[in-house]
Amino acid sequence: MDTLIATSADLAGDQTVISRAEAVRPAVAAASNEIETRRRLPPALLDQLHEAGLFRLLLPRSSNGIETDPITFFHVIETIARADASTAWCLSQAGGCAMSAAYLDLPVAHAIFGNDPRAVLAWGPGPKVRAIECDGGYRVTGVWSFASGGRHATWLGAHCPIYQADGSPKRDADGEQQERTMLVRTEDVDWTDIWNTVGLRGTASDQFALNDFFVRSDHSITREFDRECRESGPLYRMGSGTCYQVGFAGVACGIARDALDIFVEMARNKVARGSKSPLRDNAVVQSNLAQAEVNLRAARGFVLQSMADIWKHLSAGATITVEQRITVRMAATHAIHKAREAVDFAYNAAGATAIFESHPLERRFRDIHTVTQQLQGQLRHFETVGAWMMGADADLTFV
1 MDTLIATSAD LAGDQTVISR AEAVRPAVAA ASNEIETRRR LPPALLDQLH EAGLFRLLLP
61 RSSNGIETDP ITFFHVIETI ARADASTAWC LSQAGGCAMS AAYLDLPVAH AIFGNDPRAV
121 LAWGPGPKVR AIECDGGYRV TGVWSFASGG RHATWLGAHC PIYQADGSPK RDADGEQQER
181 TMLVRTEDVD WTDIWNTVGL RGTASDQFAL NDFFVRSDHS ITREFDRECR ESGPLYRMGS
241 GTCYQVGFAG VACGIARDAL DIFVEMARNK VARGSKSPLR DNAVVQSNLA QAEVNLRAAR
301 GFVLQSMADI WKHLSAGATI TVEQRITVRM AATHAIHKAR EAVDFAYNAA GATAIFESHP
361 LERRFRDIHT VTQQLQGQLR HFETVGAWMM GADADLTFV
């Protein structure tokens with residue numbers, strides 16, 4: 001028997017850390033309406049999240065982080081998502097971004113993260129951006145969007161292709177243009193409010209801009225964990241991309257778990273128009289509920305079992321393989337869509353009750369469909385998985 005196969009205890013995660021999320025969950029739920037209407041995480045809730053250390057889950061211990069495992073990370077994010085999806089999304093995003101401390105020189109990591117207990121890094125993509133090499137660093141210009149949690153962040157990451165001083169692209173040994181992520185203080189950017197969306201409204205994933213802004217060389221990183229990583233722990237031998245996949249699958253599963261629980265409670269008493277008995281007595285509803293439940297549990301279990309098995313290997317000194325990354329990508333995308341199917345069932349079976357803003361299923365429906373539209377939930381990931389399985393050309397950019 002393979003001694004590196006995870007046990008049920010491994011799948012449970014670190015209960016000490018998970019209990020922090022359970023303790024703050026009522027406060028997240030109580031703030032959910034304010035989060036939705038103001039499109040921000042309120043200051044009082046941010047205080048509690050910082051006090052619980054939930055922005056520091058994947059931050060290295062050397063920078064005063066928790067440096068927990070990805071299984072625990074999933075459980076924490078899922079727990080918070082049951083109360084509010086936007087809060088969970090922000091924590092998941094911040095967790096992956098905090099892994100950047102592992103790529104920075106230790107004094108810089110301390111200055112950004114370690115010495116500030118409320119440090120949060122956020123970032124987003126930018127299609128027309130550039131960083132031009134100069135003495136001591138880079139001159140950075142561009143506009144970046146989808147910066148989830150940026151409005152409560154202390155630092156922002158601006159990912160850029162690198163150009164030499166003469167304007168020509170700087171290329172690596174393989175001829176590919178080099179790219180780096182520039183870390184800048186939040187107060188140094190210009191914000192544009194663009195986040196008027198169907199769901200996940202509280203993430204405030206707005207747009208920020210820089211114009212010929214100087215960034216020191218030691219405040220830039222590559223996100224390729226095997227090139228510049230300073231930390232030797234297993235978490236940093238897998239890269240932030242895998243943690244994002246696990247975390248955002250946790251967001252989706254938390255939304256779906258809460259939606260099914262809400263539906264079951266409602267179905268016990270709701271009598272649909274034209275019916276004489278409550279929804280709970282409808283055979284079609286009973287069957288569809290059971291299938292939604294088992295599909296959600298199975299998909300969630302696939303994420304946890306896969307990641308826990310991989311974590312065993314990482315903890316034994318290995319570095320994550322392409323095959324293992326493919327497995328996590330497959331499991332996470334599958335979980336997101338099975339969660340969406342569960343929410344769709346609950347929303348549809350609830351009938352007109354669920355269409356009102358005052359009903360919690362209405363928001364769960366909007367939030368889960370926003371999750372599936374984001375990068376981590378896109379169905380094209382299955383094409384990548386299938387191509388890799390058959391030995392065809394596979395774009396592993398987002399694996």
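Numbering (full-length UniProt numbering), first residue to last: 1 to 399. Backbone N, C-alpha and C fix where the C-beta goes; we use that ideal spot for every residue, glycine too.
Taking only three categories from DSSP, how would you classify residue i?
i, result
"H359", "coil"
"T141", "strand"
"R118", "coil"
"G233", "coil"
"R130", "strand"
"F146", "strand"
"D158", "In the sequence on display, residue 158 carries Ala and not Asp. Correct three-state label for A158: strand."
"G53", "coil"
"G391", "coil"
"G13", "coil"
"S124", "The sequence shown places Gly at residue 124, rather than the Ser named in the question. In the structure shown, G124 sits in a strand (DSSP, three-state: E or B)."
"F398", "coil"
"S7", "Checking the displayed sequence, the identity of residue 7 turns out to be Thr instead of Ser. DSSP places T7 in coil when its eight states are reduced to three."
"A30", "helix"
"M1", "Here the model assigns M1 a pLDDT of 36, short of 50, so the residue's position is not dependable, and the following value carries that caveat. Residue state, collapsed to three classes: coil."
"T384", "helix"
"L106", "helix"
"I66", "coil"
"A83", "coil"
"Q376", "helix"
"A153", "coil"
"P60", "coil"
"L91", "helix"
"R20", "helix"
"L45", "helix"
"R25", "helix"
"R40", "coil"
"G136", "coil"
Would residue i and residue j qualify as a contact pair, given that the criterion is a beta-carbon distance under 9 Å?
i, j, result
"A259", "R364", "yes"
"A249", "R300", "yes"
"H152", "R40", "yes"
"C253", "A339", "yes"
"L156", "W123", "yes"
"V215", "L235", "no"
"residue 401", "A354", "Residue coverage of the chain in this structure runs from 1 to 399, which leaves residue 401 outside it and unanswerable."
"M307", "V246", "yes"
"residue 488", "R185", "The requested residue 488 does not occur in the structure, where the chain is confined to residues 1 to 399."
"G351", "K276", "no"
"S240", "L58", "yes"
"L210", "V285", "no"
"S148", "S100", "no"
"G126", "A158", "yes"
"A349", "A267", "yes"
Buried or exposed: which applies to residue i, given that a residue is buried once 16 or more other Cβ atoms fall within 10 Å of its Cβ?
i, result
"F113", "buried"
"N295", "buried"
"S19", "exposed"
"R273", "exposed"
"M1", "With a pLDDT of only 36 at M1, under the threshold of 50, the placement of this residue in the model should not be trusted, and no figure is reported."
"I77", "buried"
"E323", "exposed"
"R223", "buried"
"N33", "exposed"
"M389", "exposed"
"C134", "exposed"
"S8", "exposed"
"F356", "exposed"
"T397", "exposed"
"R227", "exposed"
"A31", "buried"
"R56", "buried"
Return the Cβ separation of residue i and residue j in integer angstroms, given the expectation that the two are a contact with Cβ distance under 8 Å.
i, j, result
"T79", "A21", "4 Å"
"V328", "T242", "5 Å"
"V143", "Q207", "6 Å"
"R118", "H50", "5 Å"
"A85", "V251", "6 Å"
"G199", "D393", "34 Å between Cβ atoms; not a contact."
"residue 403", "R237", "The structure shown has nothing for residue 403, since the chain only spans 1 to 399."
"L314", "I71", "In fact, because the Cβ distance is near 11 Å, the residues do not count as touching under 8 Å."
"D14", "T68", "6 Å"
With respect to 8 Å, is the separation between the Cβ of residue i and the closest non-hydrogen atom of the ligand GTP below this value?
i, result
"T192", "Ligands in the displayed structure: none, and consequently the ligand GTP is not present."
With 9 Å as the threshold, decide whether the Cβ of residue i is near any Cβ in chain D.
i, result
"S240", "Among the chains of the structure shown, chain D does not appear; only one protein chain is present."
Could you tell me which uninterrupted alpha helix (DSSP H) segments, each at least 4 residues in length, are contained entirely in the stretch 163-246, listed from first to last along the chain? Counting only runs of 4 or more, we get 225-228.
Threshold first: 3 residues or longer. Then list the beta strand (DSSP E) segments lying entirely within the UniProt domain "Acyl-CoA dehydrogenase C-terminal" (247-373), N to C. Counting only runs of 3 or more, we get nothing.
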